[in-house]
Amino acid sequence: MDKSQLTIMNRSFTKLNQRREVLLQDETTINLKERVKKIRTNSIKQLSLLLEKAEKNLIDNGIEVIIAKNGDEAREAIHQLVKTEDLIAKSKSNTAGEIKLTEYLEENGIEVLETDLGDRIVQFDKSRPTHPIGPACHLDMKNISKIISCEFGREIEAEPTAILDAVKTDILEKIPHCSVGITGANSVAAEDGSLVMVHNEGNISLLTMMDLHIILVGIDKLVPTVEDAISVVKLETIYATGKKVPAYMNVISSPSKTADIEQIILKDMYGAKRVVVVFLDNGRTQALEEKEKCLWCIGCGACIVNCPVYTTLGPEFGYLRHLGGKGIVLSHFIDGEVSYDSGLYKCTLCGQCTMECPVEIPINDMLEDLRKESVKEGKYPEEHGNIRNNIKKSGTPFK
């Protein structure tokens, strides 16, 4: 990222801080925080049991379930489901970004239509998302106007409504040609066999109406009940957007059906004929054994908004769509040595991320532990080794 993009991103973060300031001090929000922390800590402790329950109850509800050990398995499973398609529609999914699903499908000749406005802009720009909920917050109106004008081959005014209308029209023209929609899920209720997804644009509602709805979700998103899931996504919305509730909450518990004719259950009414959930492990089971607290995350992005390192470096401090210090911790389990290259030694260990986190994930403590491990393995910045050697030789860090 260049300096101008960092400036724009931080300006966006300032607006977010201002929008949520009063809401975060509200007693209802404080009580919700306490409730969600209990939900997340208890859910992660019984994650394997919740996964078993979710698989059984989803299948009982008529939803197909695939459990993928890693990104390769998840990509291949999804490719097998969509390999006859030329064009598919997709909503925002940081889990899809984690396994580079869009790139994989496009390499295999399948065009991916990003339906989230921010993701579509970033897709056109070929840049990295800078916030889990607002992926294009590093681009201002002039940047966006230039990007989409180039993409559409005509001048789009640098004005919000003009930009929105141009991108929306393009997406809505393509949507009827899609029979497959791919989404993520913000939370999964194991005991009910239900998946909860939140959005403000209404795009996920369009994707759930397609013949095949594929839902890619990390196993860490599991909670016991729908009530728990709603609590989680409400808190995520407050911290991610500064709003009490999102515009839309979709709860998917089965393919489309009706019982309006003599209470006979008939499938294939208006929505998806087929719903397939792909649960992704991809290092999460290992993280559960070693650093389970990193799995408490609700995906709100609060940890990066006031992080002194992220606001200076942008998404190079993090791992793929997992941004900031939490992303570095998770990268250790997803991709092994990548954590050493994605910012492990860039963190100041100031603890601001933990103070900002609604469920109080001790990210700085986990990063410090990973540094200790990396030193034992001899993996650390060369400059640090030079300082150590100087101290050993001369009793001073200087030559």
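Numbering-wise, the sequence shown is residues 1 to 399 according to this note's numbering.
Note that beta-carbon positions come from the ideal geometry of N, C-alpha and C, so glycine has one too.
Bear in mind the structure is a predicted one, so any value in this text is a computation, not a measurement.
Taking a 10 Å sphere around the C-beta of Asp26, we find fewer than 16 other C-beta atoms and assign the residue as exposed.
Between Cys357 and Ala302, the C-beta spacing is below 9 Å. Among the bridge pairs identified by DSSP, Phe279 is matched with Ile67, Val217.
Contact between Ile215 and Leu195 holds: CB atoms are separated by about 6 Å, below the 8 Å threshold. Approximately 6 Å separates the beta-carbon atoms of Leu51 and Ile219; this is inside 8 Å, confirming the contact. At the C-beta level, Glu111 and Asp140 stay beyond 9 Å of one another. Cβ-Cβ separation between Lys293 and Met366: approximately 7 Å, consistent with a contact (criterion under 8 Å). Taking all protein chains in view, the Cβ of Ala185 is crowded by 16 or more other Cβ atoms within 10 Å, so the residue is classified as buried. In the three-state DSSP reduction, Ile238 falls in the helix class (H, G or I). Residue environment analysis places Asn364 among the buried positions, since at least 16 neighbouring C-beta atoms fall within 10 angstroms of its C-beta. In the DSSP assignment, Asp119 falls within the unbroken alpha helix (DSSP H) covering 117–125. Across the structure, Ile265 and Ile156 are spaced so that their CA atoms are roughly 49 Å apart. Uninterrupted alpha helix (DSSP H) stretches at least 4 residues long and entirely within the region 131–214 occur at 141–152, 160–174, 203–207, given in chain order. In the DSSP assignment, Thr28 falls outside any beta strand (DSSP E) and within the unbroken alpha helix (DSSP H) covering 27–45. With a beta-carbon spacing of about 5 Å, Asn390 and Pro397 fall inside the 8 Å limit used to define contacts.
For Val275 and His213, the gap between their C-alpha atoms comes out near 5 Å. As for any alpha helix (DSSP H) of minimum length 4 sitting wholly inside the region 245–329, the runs are 284–290, 302–305, 310–313, ordered along the chain.
Gly118 is not a Cβ neighbour of Lys100, given a cutoff of 9 Å. Counting only the Cα atoms, Val375 lies some 20 Å from Gly327. Counting only the Cα atoms, Lys15 lies some 24 Å from Asn203. Scanning its chain for C-beta atoms nearer than 6 Å, with the 5 sequence neighbours on each side dropped, one finds around Tyr345 the residues Pro381, in chain order. Under a 10 Å Cβ-count criterion, Cys350 is classified as exposed, with fewer than 16 other Cβ atoms of the shown protein chains found around its own Cβ. A straight-line Cα-Cα distance of about 15 Å links Arg19 and Cys137. Between Ile88 and Leu113, the gap from beta carbon to beta carbon is short of 9 Å. The three-state reading of DSSP puts Glu111 in strand, counting E and B together.
Contact annotation: the region 54–68 touches the region 276–283, with at least three C-beta pairs closer than 8 Å. In this structure Met9 is buried. Its beta-carbon is surrounded by 16 or more other beta-carbon atoms within 10 angstroms. For Val223, the beta-bridge partners assigned by DSSP are Ala189. Linking Ala77 to Asn282 through their CA atoms gives a straight-line distance of about 14 Å.
Of all alpha-carbon atoms in Gly336, Cys300, Arg371, Met1, the one lying nearest the alpha-carbon of Ser127 is that of Met1.
Taking the C-beta atoms as reference points, Ile298 is found no nearer than 9 Å to Val226.
Distance from Lys273 to Ser256 at the Cβ level is roughly 7 Å; contact confirmed, criterion being Cβ atoms closer than 8 Å.
Take the alpha-carbon of Val122 and the one of Ile230: they are about 29 Å apart. In the DSSP assignment, Leu344 falls outside any alpha helix (DSSP H) and carries neither an H nor an E.
In the three-state reduction of the DSSP assignment, Ile88 falls in the strand class.
If you draw a straight line from the Cα of Thr7 to the Cα of Glu103, it is about 28 Å long.
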